[in-house]
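Worksheet: the structure to be examined is printed underneath.
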Amino acid sequence: ELGLETDDKTALSEKFRERIEAKKDKCPPHVLQVIEEELTKLQLLEASSSEFNVTRNYLDWLTVLPWGNYSNENFDVHHAQQILDEDHYGLSDVKERILEFIAVGKLRGTSQGKIICLSGPPGVGKTSIGRSIARALNRQFYRFSVGGLADVAEIKGHRRTYVGAMPGKMVQCLKSVGTANPLVLIDEIDKLGRGHSGDPASALLELLDPEQNINFLDHYLDVPIDLSKVLFVCTANVIDTIPNPLLDRMEIISIAGYITDEKMHIARDYLEKNTREACGIKPEQVEVTDAALLALIENYCREAGVRNLQKQIEKIYRKIALQLVRQGVSNEPALEAVIVTPSVEPTDGGSATIVKDEKLNDPAVKDPEEAKEPSLKETLVTEPALSTDTLSTPEGNKDTDGVKEEAADKAVKKVLIDSSNLDDFVGKPVFHAERIYEQTPVGVVMGLAWTSMGGSTLYIETTKVEEGEGKGALVMTGQLGDVMKESAQIAHTVSRAILRDKEPDNKFFADSKLHLHVPAGATPKDGPSAGCTMITSMLSLAMGKPARKDLAMTGEVTLTGRILPIGGVKEKAIAARRSSIKTIIFPAANKRDFDELADNVKEGLEVHFVDTYSEIYKLAFQNETETS
Ligand code: ADP
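Going by full-length UniProt numbering, the first residue of the sequence shown is number 1, and it counts up by one from there.
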């Protein structure tokens, strides 16, 4: 027993030496030196001392990191494009940007670390595209979320002397992926917390900045590590809350959300397929019609992303699975069908038909397509028992194949989902039309809003509370924030000026107390972009004229009636389409943003770009009278 302790120590040192021996050529010399020093120290320390444990853990981390071990990057642009298309529908800007990155890598022969930030509402595929990029580039993938992170030590690690000290997330990442050039996805970077001791944002800066992260120093590791080959992808819902110095170094790619048409494609080609496989249902056992999908998207899943859509589709498929299993119990499957089949098509003997039916009912064979693979076709086995696993149809016999398929379908009842029975699967529609009014009455105008969840339409309503000499005033309700309240005041003033100009005798604003409300009352709202909508609403009330039908507008106004640009043009355009708005008014300064949108978003919308309120006045009130 006396000799055991030293043996233990030697065994330990041996282990570490062995580990580092394999990496010796690639490991930077300063690290080797530190390891050597620590190994010597280990020999001198008492095995029961706490110092010994600290040193042992430290050596463990130092030797396990993938020093200089890079995964072979794939710079094949076609391959990458194929993978990106395979995983995601649309998102062409994002894909284009990734391909550019790969192309540069190919020409230079090595790729550089970069920070890409994907911003957009929840469920638009930010995280999953990060995973795809890693796959396309053949890099390892590591994801960590910094939402609410307040402790700098999470990023930079603890000092070794603390009890339970751990290195930071990046070192843990390198250990777990085993290569020095992974793709690291930093989720929710806009929700970074604020620490009481140190600022995580600044620590992230050191981690992300390509200038600094060549020598990233983790407190625990205490030797600089090179993170310059790591590709960082961040995700955020909004970019306003990302600390500026961080934002400065990122390349923002925004994903605005999907329109109905895009959602249809995503649902059909991606979500449905994945869910079906996940539920173990075969394509021939179910049919969801286009009408059903459309109804699902329009009445249940209106939000910008597709996560909820995915949930609903999963719900449908789960219910189908239950139905199928229930049927399976009550119906008598395989053999009964066999009796029917020969009368339909007796060509090449019943045995193959039996096989086919059995195969369909056999959970071991997941995909009938798979079973039809050419390599398997050769292995024609005559014995039915064996053939359940290997056999498909006799080669070249396409006609019989088709007929048998038909016969097989009869055995397994197909579940059809149409817009008429959709309710049975997902319940009653959750969305009521966003439009409360077909034709907005006097004093009500539709505006366009933008939140981190995507765009939406909202109404601005104004009515008169009371009237009397000098009673002019404005009250506001609807959970408005300070900025929005101020913008209502501005709107009041501007409307007064405009009315004075248009109808000099009209004393409406001087003599009436107005009430402005923005439904829905429970949703907090803020921002200046409803300015022009408020003016229109007040003027409509003052003049007793409803605003033009199917019109929505957005734009900040100044006291002199100029229209300033707003954010979220694409989201707002999508929201307007959803509410079947025909005419939209945008600030002139946003024309460029709108022109850059995809054609399927712009299609069918009549958009006016305005510089001053008087142009809106013409569009909202005068066109109406002219046409009528
Ligand atoms: P986010 O990170 O933006 O909140 P996720 O990346 O988690 O959203 O995406 C939610 C789901 O939606 C994922 O299952 C993803 O595959 C799917 N998805 C989103 N966009 C697309 C798309 N364009 N094509 C196919 N699937 C998509």
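Positions of the beta carbon are idealized from the N, C-alpha and C atoms, including for glycine.
Phe609 - partner residues in DSSP beta bridges | In the DSSP output, where bridge partners are listed per residue, Phe609 has Phe586.
Under 6 Å Cβ to Cβ from His265, same chain only, skipping five residues before and after it: list those, please.
-> Cβ within range, chain order: Tyr89.
Rounded straight-line distance, which links the Cα of Lys273 to that of Pro368 = With a pLDDT of only 43 at Pro368, under the threshold of 50, the placement of this residue in the model should not be trusted; the figure read from the coordinates follows. Pro368 and Lys273: Cα-Cα distance of roughly 14 Å.
Run of the alpha helix (DSSP H) containing Val288, from where it starts to where it stops | The continuous stretches of alpha helix (DSSP H) do not include Val288, which lies in the beta strand (DSSP E) extending over residues 286 to 288.
Does the Cβ of His88 lie closer than 7 Å to at least one heavy atom of the ligand NAD?
-> Absence of the ligand NAD is noted for the structure shown, with the ligand ADP being the only ligands found.
Extent of the continuous beta strand (DSSP E) to which Asp187 belongs = DSSP places Asp187 in the uninterrupted beta strand (DSSP E) bounded by 183 to 187.
Please confirm whether any heavy atom of the ligand ADP lies closer than 7 Å to the CB of Lys126.
-> At least one heavy atom of the ligand ADP is nearer than 7 Å to the Cβ of Lys126, so yes.
Pull up the CB-CB distance for Ala321 and Gly280, whole angstroms please, since I reckon it's below 8 Å.
-> Their Cβ separation, rounded to whole angstroms, is 7 Å, which keeps Ala321 and Gly280 in contact under 8 Å.
Straight-line CA distance for Thr612 to Thr560?
-> Within the model, the alpha-carbon separation for Thr612 versus Thr560 is close to 9 Å.
Would you call the stretch 490 to 500 and the stretch 535 to 547 in contact, with 3 or more CB pairs under 8 Å?
-> Verdict: yes, contact present.
Measuring alpha carbon to alpha carbon, tell me which of Glu277, His517, Asp261 ends up nearest Gly447.
-> With respect to the C-alpha of Gly447, the residue from Glu277, His517, Asp261 having the closest C-alpha is His517.
Please look up how many angstroms separate the CB atoms of Asn181 and Val230, rounded, as I've assumed it's under 8 Å.
-> With 8 Å as the limit, Asn181 and Val230 qualify as a contact, their Cβ atoms being about 6 Å apart.
Flag this pair as yes or no: are the beta carbons of Gly531 and Ser487 separated by less than 8 Å?
-> Contact: yes.
Touch check for the stretch 508 to 515 and the stretch 472 to 487: three-plus C-beta pairs under 8 Å?
-> A contact exists between the stretch 508 to 515 and the stretch 472 to 487.
Would you say residue 712 and Asp87 are within 8 Å of each other, going by their C-beta atoms?
-> Outside the shown range of the chain, which is 1 to 628, sits residue 712, and nothing can be said about it.
Contact set for Tyr300: own chain, Cβ-Cβ below 7 Å, skip 5 residues either direction | So the list reads Gln312, Val426, Pro429, Val430, Phe431, once near-sequence residues are dropped.
Helix, strand or coil for Ala278, going by three-state DSSP, please let me know.
-> Secondary structure of Ala278 (DSSP, three-state): helix.
Quick one: is Asp357 buried, meaning 16 or more other Cβ sit within 10 Å of its Cβ, or exposed?
-> Interpretation of Asp357 is limited by its pLDDT of 41, a score under 50 that renders its predicted location unreliable; the figure taken from the coordinates is listed afterwards. Around the C-beta of Asp357, 16 or more other C-beta atoms lie within 10 Å, and the residue is accordingly described as buried.
Exposed or buried, which one is Thr40 when buried takes at least 16 other CB atoms within 10 Å?
-> It is exposed - the Cβ of Thr40 has fewer than 16 other Cβ atoms within 10 Å.
C-alpha gap between Val442 and Tyr617, whole angstroms | Their backbone Cα atoms lie some 15 Å apart in a straight line.
What is the C-beta distance between Val569 and Ile417, in whole angstroms, given that I count them as a contact (C-beta under 8 Å)?
-> Your pair Val569 and Ile417 does not check out as a contact, with CB atoms roughly 36 Å apart and the cut at 8 Å.
How about Ile266: is its Cβ closer than 7 Å to a heavy atom in the ligand ADP?
-> Inclusion of Ile266 in the 7 Å shell around the ligand ADP follows from its C-beta lying nearer than that to a non-hydrogen atom of the ligand.
Hey, could you find the ends of the beta strand (DSSP E) Ile115 is sitting in?
-> That run of the beta strand (DSSP E) goes 115 to 119.
Roughly how many whole angstroms lie between the Cα atoms of Leu45 and His219?
-> Rounded to whole angstroms, Leu45 and His219 show a C-alpha spacing of 23 Å.
Rounded Cβ spacing between Ile116 and Glu251 (contact assumed at less than 8 Å) = Sure, about 5 Å apart at Cβ, within 8 Å.
Buried or exposed (CB count within 10 angstroms, at least 16 for buried), Leu107 = Leu107 should be labelled exposed.
Would you say the beta carbon of Leu260 comes nearer than 7 Å to a heavy atom of the ligand ADP?
-> It is Thr, not Leu, that sits at residue 260 in the sequence shown. False, no ligand heavy atom lies under 7 Å from that Cβ.
Closest by CA to Gly527, which one among Arg500, Gln479, Val444, Gly521?
-> Looking at the Cα atoms, Gln479 is the closest of the given residues.
For His517, which residues does DSSP report across the bridge?
-> BP columns for His517 point to Glu461, Thr477.
What residues in its chain sit with their C-beta under 8 Å from that of Lys414, if we drop five residues either side in the sequence?
-> So the list reads Glu284, Gln285, Val286, Glu287, once near-sequence residues are dropped.
Compute the minimum distance between the beta carbon of Pro429 and the heavy atoms of the ligand ADP, and state whether it is under 7 Å.
-> No.
Quick one: Cα of Met166 to Cα of Leu65, how far?
-> Counting only the Cα atoms, Leu65 lies some 14 Å from Met166.
Per DSSP, which one or two residues make a beta bridge with Leu107?
-> Answer is none; Leu107 lacks a bridge partner.
Return the CA-CA distance between Leu246 and Thr457, expressed in angstroms with no decimal places.
-> Distance between Leu246 and Thr457, taken at the CA atoms: about 32 Å.
Give the DSSP-derived three-state secondary structure of Arg17 in the structure shown.
-> For Arg17, the three-state secondary structure derived from DSSP is helix.
Cβ contact (3+ pairs, closer than 8 Å) linking the stretch 303 to 311 and the stretch 122 to 136 | The answer is yes - the stretch 122 to 136 touches the stretch 303 to 311, with three or more Cβ pairs under 8 Å.
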